[in-house]
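Quick note, the sequences are listed as chains A and S, same order.
If you're matching positions, the first sequence starts at 1 in this note's numbering and goes up one per residue.
If you're matching positions, the second sequence starts at 350 in this note's numbering and goes up one per residue.
I have placed the structure first, in the form of structure tokens, so that the comments after it can refer back to it.
Number of protein chains: 2
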Amino acid sequence: MSVPAKPVTILDVAKRAGVSAGTVSRVLNRANVPLDTRRRVSTAVSELGYVPNHAARSLKRRTTEQIALVIPDVGNPVYVQMAKSVQRVAAERGYRLSLISTENGVVDERQLLRGLHERQLDGMVLVSLRPGPSLLRQIREAAPRVCLIGSFPDDLPVDAVRVDSAHGVRQGVAHLLAGGRRRIAMVHGTRGTVPAETRARGYRDALLEAGVPFRPELSVDGDFTMGSGYRAVDALEGARPDAVFPDAVFCANDMMALGVMRRLRELGRDVPGDVAVVGMDDIDMAGMSAPTLTSVSLRAEERGRLATEMLLERLAHGGPLAPRVVHVLPALVVRESSTAHVVLAGGPS
Amino acid sequence: MSVPAKPVTILDVAKRAGVSAGTVSRVLNRANVPLDTRRRVSTAVSELGYVPNHAARSLKRRTTEQIALVIPDVGNPVYVQMAKSVQRVAAERGYRLSLISTENGVVDERQLLRGLHERQLDGMVLVSLRPGPSLLRQIREAAPRVCLIGSFPDDLPVDAVRVDSAHGVRQGVAHLLAGGRRRIAMVHGTRGTVPAETRARGYRDALLEAGVPFRPELSVDGDFTMGSGYRAVDALEGARPDAVFPDAVFCANDMMALGVMRRLRELGRDVPGDVAVVGMDDIDMAGMSAPTLTSVSLRAEERGRLATEMLLERLAHGGPLAPRVVHVLPALVVRESSTAHVVLAGGPS
DNA sequence: CTCACCAGAACGGCAACGCGA
DNA sequence: ATCGCGTTGCCGTTCTGGTGA
Numbered sequence: 001m002s003v004p005a006k007p008v009t010i011l012d013v014a015k016r017a018g019v020s021a022g023t024v025s026r027v028l029n030r031a032n033v034p035l036d037t038r039r040r041v042s043t044a045v046s047e048l049g050y051v052p053n054h055a056a057r058s059l060k061r062r063t064t065e066q067i068a069l070v071i072p073d074v075g076n077p078v079y080v081q082m083a084k085s086v087q088r089v090a091a092e093r094g095y096r097l098s099l100i101s102t103e104n105g106v107v108d109e110r111q112l113l114r115g116l117h118e119r120q121l122d123g124m125v126l127v128s129l130r131p132g133p134s135l136l137r138q139i140r141e142a143a144p145r146v147c148l149i150g151s152f153p154d155d156l157p158v159d160a161v162r163v164d165s166a167h168g169v170r171q172g173v174a175h176l177l178a179g180g181r182r183r184i185a186m187v188h189g190t191r192g193t194v195p196a197e198t199r200a201r202g203y204r205d206a207l208l209e210a211g212v213p214f215r216p217e218l219s220v221d222g223d224f225t226m227g228s229g230y231r232a233v234d235a236l237e238g239a240r241p242d243a244v245f246p247d248a249v250f251c252a253n254d255m256m257a258l259g260v261m262r263r264l265r266e267l268g269r270d271v272p273g274d275v276a277v278v279g280m281d282d283i284d285m286a287g288m289s290a291p292t293l294t295s296v297s298l299r300a301e302e303r304g305r306l307a308t309e310m311l312l313e314r315l316a317h318g319g320p321l322a323p324r325v326v327h328v329l330p331a332l333v334v335r336e337s338s339t340a341h342v343v344l345a346g347g348p349s
Numbered sequence: 350m351s352v353p354a355k356p357v358t359i360l361d362v363a364k365r366a367g368v369s370a371g372t373v374s375r376v377l378n379r380a381n382v383p384l385d386t387r388r389r390v391s392t393a394v395s396e397l398g399y400v401p402n403h404a405a406r407s408l409k410r411r412t413t414e415q416i417a418l419v420i421p422d423v424g425n426p427v428y429v430q431m432a433k434s435v436q437r438v439a440a441e442r443g444y445r446l447s448l449i450s451t452e453n454g455v456v457d458e459r460q461l462l463r464g465l466h467e468r469q470l471d472g473m474v475l476v477s478l479r480p481g482p483s484l485l486r487q488i489r490e491a492a493p494r495v496c497l498i499g500s501f502p503d504d505l506p507v508d509a510v511r512v513d514s515a516h517g518v519r520q521g522v523a524h525l526l527a528g529g530r531r532r533i534a535m536v537h538g539t540r541g542t543v544p545a546e547t548r549a550r551g552y553r554d555a556l557l558e559a560g561v562p563f564r565p566e567l568s569v570d571g572d573f574t575m576g577s578g579y580r581a582v583d584a585l586e587g588a589r590p591d592a593v594f595p596d597a598v599f600c601a602n603d604m605m606a607l608g609v610m611r612r613l614r615e616l617g618r619d620v621p622g623d624v625a626v627v628g629m630d631d632i633d634m635a636g637m638s639a640p641t642l643t644s645v646s647l648r649a650e651e652r653g654r655l656a657t658e659m660l661l662e663r664l665a666h667g668g669p670l671a672p673r674v675v676h677v678l679p680a681l682v683v684r685e686s687s688t689a690h691v692v693l694a695g696g697p698s
């Protein structure tokens, strides 16, 4: 009597209110019930502490009111920021949100779509750094219940929110060039991931545009973590003992930029005096570091919001809906780490 | 034919394999089936792409294989760290984890227990900063499926993992005293929350033990965010223009400590030369800041792991189980921010 | 008497249907 | 015809009892 408790069902409520189960259900869901019956049922519900059984309801309704956000790494604040807006939108619409981190691939994303197939999840917002062929195939199957954030093949008939991060990199690099920097290094994200390659391309293009030669020794690979940014500085130091150290470092994300700044400081290199640093994502901490970090915002919060709205709209809308792709523009946020302390002679072309 | 798709049920599989639904179920769940039948069923399953319906299963089994972790703020890395270990343990045991952030009270924790009552969740690991009476009542009701992290009334018959954070504060303050610091300020967490009050008590006790007078003007209130730490420094500056600035700041968590260090640097005060700083939580970033941050680890990861193990153990164990409370010990991690550059004359008592 | 399997009854809620007023 | 509400069947799975070999 104490531990197992008696699960109170809709029938108990019906009995107590002196009506049938159908009527109770109607009171709970639809409005088509006269006031006094409604009241009798309501009091019975609260007296018994009745709570509808979720499993039974979703079995019948074919709906769980639950969605998931799949991100590569909860440890990266940019995804946390994104999660906050997703959470907010979901809560507003009465959806419960499951936050799932794949820990950069340790958890298999394809397994996650299983939750969709099992009908445990109504839909999913998916951020994937490295969409392989089998994942793409699964996404295609689950298309009407998925919204992607990031870059995926154009022919994938799925809702998506995109940002032109290559353009963002060009903005950032152009800003460094305008500040008189010429030896601009780049710390890349995890090679093989779509964002890392896209940003690498933006870097090369920006240099090309400005007529500044691309130097391979100024490219260092990282993995989007702060530690890899820290180590990247040593790689730049060690690469060519005879070479001149870069006067600027563009980082594929803010976490690496923070690591870079920390190591530069340890080595006695002044930021931005000796070296300018620019990151990407514009995480909250960018405004709190020492010095504050110039960063290219990819509007994570807005992307999360848009993706969630699109997903829920599609779920609400019964029939088929043509896949939509929304674009978001990156924005450069200039702070202390890239202030032009040093302006070299000789203007840009 | 294209969009609605046909949901393939266990009956379709049964028909194709030439057996009954019950046999298919047994193949999927239990092992009590001869090999050739088993094989026929398995091929039918994969040919049809059958995936069991989660709602139907949990309706029958009264189990969802899903738990939730409720934390006050995903923006605080210490909870993310905790979430990672919870996620890991849950995944190991075949449970799906929902991560829910109450955004410091914006989301009502009591609403969350609803998921438990609806049977959408098998159990819940709950971190609450401010357990009010009605939440406590609800926890009491849901006790067999909840594990708490943090401080709750002793008579609450619920599994819990605790850490003596007051003792942690004493360790930290003692360390500062040993380094010769005497004017030790404290930046508090959100007043009214259990951890903030506990840590405030630890601070007073530590001073008392050492025979150092407690000075109210050295206490500043924060709210566990980096920004509040930043502003706290100004409050210390402005409080008594004539007074000597503190030679150490103990912060109720690392986020505030990072904010404090940032502001001190802006104001030209050297850390640890002029002011030592000690934080609490030992988040990953403590090892990456400039200077690296001395911090009292409250073993968030271990607490998350323990709580999840206790919860799942209780869920697996059918019958009643006496509530268990596990204690974890805090540990001081000394880094650069508290190195004793300045040793005042006059030894401690 | 064991083994392999099947039919049917739950599980709890929802909604179509239809009956009486 | 409308309104209010009880009845019934079904959602998909698991489990129980039972049958035949």
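All C-beta atoms in this analysis are idealised placements derived from N, C-alpha and C, irrespective of residue type, glycine included.
Values in this document were obtained by computation on a predicted structure and should not be read as measured data.
Short CB-CB distance (under 8 Å) between residue i and chain A
i: Met575/S; result: yes
i: Gln469/S; result: yes
i: Val352/S; result: The pLDDT assigned to Val352/S is 36, lower than 50, so where the model puts this residue is not dependable, and the model offers no usable value.
i: His676/S; result: no
i: Ser646/S; result: no
i: Gly560/S; result: no
i: Tyr552/S; result: no
i: Leu374/S; result: It should be noted that the sequence gives Ser, not Leu, for residue 374/S. Judged by the 8 Å Cβ criterion, Ser374/S is not in contact with chain A.
i: Gly608/S; result: yes
i: Arg494/S; result: no
i: Arg614/S; result: yes
i: Val362/S; result: no
i: Val357/S; result: no
i: Arg611/S; result: yes
i: Val456/S; result: yes
Anticipated Cβ contact below 8 Å, residue i with residue j, distance rounded
i: Ala601/S; j: Phe573/S; result: 7 Å
i: Leu126/A; j: Val146/A; result: 6 Å
i: Met535/S; j: Leu567/S; result: 7 Å
i: Val620/S; j: Pro640/S; result: 6 Å
i: Ser686/S; j: Val627/S; result: 7 Å
i: Val683/S; j: His466/S; result: So it is not a contact: roughly 46 Å between Cβ atoms.
i: Met637/S; j: Gly259/A; result: 6 Å
Proximity test, Cβ basis, 8 Å: residue i and chain S
i: Met288/A; result: yes
i: Arg335/A; result: no
i: Gly273/A; result: no
i: Gly347/A; result: In this predicted model, Gly347/A has a pLDDT of only 41, less than 50, meaning its place in the structure is not dependable enough to derive any value.
i: Val342/A; result: With a pLDDT of only 48 at Val342/A, under the threshold of 50, the placement of this residue in the model should not be trusted, and no figure is reported.
i: Arg303/A; result: no
i: Gly75/A; result: yes
i: Ser101/A; result: yes
The ligand HEM heavy atom lying under 7 Å from the CB of residue i
i: Arg548/S; result: By its list of ligands, the structure shown contains no ligand whatsoever, and the ligand HEM lies outside what it can speak to.
Task: chain A contacts from the segment 387-412 of chain S (Cβ-Cβ distance under 7 Å) - done: Answer set for the segment 387-412 of chain S: Val400, Pro401, Asn402, His403, Ala404, Ala405, Ser407, Leu408.
- [ ] Compile a chain-ordered list of the residues in the segment 77-98 of chain A whose CB is closer than 9 Å to at least one CB of chain S.
- [x] Cβ contacts with chain S: Pro77, Val80, Gln81, Ala83, Lys84, Gln87, Arg88, Ala91, Arg96, Leu97, Ser98.
Open item on the list: Quick check for students: name the residue ranges of the beta strand (DSSP E) that lie wholly in the segment 77-132 of chain A, counting only runs of 3 or more.
Closed with: Correct list: 96-101, 123-127.
- [ ] Quick one: which unbroken beta strand (DSSP E) runs of 3-plus residues sit fully inside the segment 31-77 of chain A? Chain order, please.
- [x] Fully enclosed beta strand (DSSP E) runs of 3 or longer: 66-71.
Open item on the list: Quick check for students: name the residue ranges of the alpha helix (DSSP H) that lie wholly in the segment 292-322 of chain A, counting only runs of 4 or more.
Closed with: Counting only runs of 4 or more, we get 300-316.
Open item on the list: Give me the subset of the segment 461-492 of chain S whose CB atoms are less than 8 Å from a CB atom of chain A, sorted by chain position.
Closed with: So the list reads Arg463, Gly464, His466, Glu467, Arg468, Gln469, given in the order they occur along the chain.
Open item on the list: Across the segment 639-656 of chain S and the segment 422-432 of chain S, are there enough close Cβ pairs to call them in contact, namely three or more that are closer than 8 Å?
Closed with: The segment 639-656 of chain S and the segment 422-432 of chain S touch, with no fewer than 3 CB-CB distances between them shorter than 8 Å.
Open item on the list: Quick check: the segment 198-209 of chain A against the segment 154-163 of chain A, are at least 3 beta-carbon pairs closer than 8 Å?
Closed with: No: the two stretches stay apart, fewer than three of their Cβ pairs being nearer than 8 Å.
- [ ] Give a yes or no on contact between the segment 99-112 of chain A and the segment 58-70 of chain A, applying the rule of three or more CB pairs nearer than 8 Å.
- [x] In short, these stretches touch, since the Cβ pair count reaches three.
Open item on the list: Could you check whether the segment 224-234 of chain A touches the segment 177-191 of chain A, counting it as contact only if at least three pairs of C-beta atoms, one from each stretch, sit closer than 8 Å?
Closed with: Contact holds: three or more Cβ-Cβ distances are below 8 Å.
Open item on the list: Closer than 8 Å between beta carbons: that is the criterion. Which residues of the segment 498-525 of chain S meet it against chain A?
Closed with: If the cut-off is 8 Å between Cβ atoms, the segment 498-525 of chain S has nothing near chain A.
Task: Three or more C-beta pairs below 8 Å linking the segment 385-401 of chain S and the segment 362-375 of chain S - done: The answer is yes - the segment 362-375 of chain S touches the segment 385-401 of chain S, with three or more Cβ pairs under 8 Å.
Open item on the list: For the structure I just gave you, are there three or more beta carbon pairs, one from the segment 513-523 of chain S and one from the segment 484-495 of chain S, closer than 8 Å?
Closed with: In short, these stretches do not touch, since the Cβ pair count stays below three.
Task: 3-residue-minimum beta strand (DSSP E) runs that sit fully inside the segment 519-557 of chain S, ordered along the chain - done: Runs found: 533-537.
- [ ] Would you mind listing the beta strand (DSSP E) stretches within the segment 220-257 of chain A that are 3+ residues and don't spill past its ends, in chain order?
- [x] Counting only runs of 3 or more, we get 248-251.
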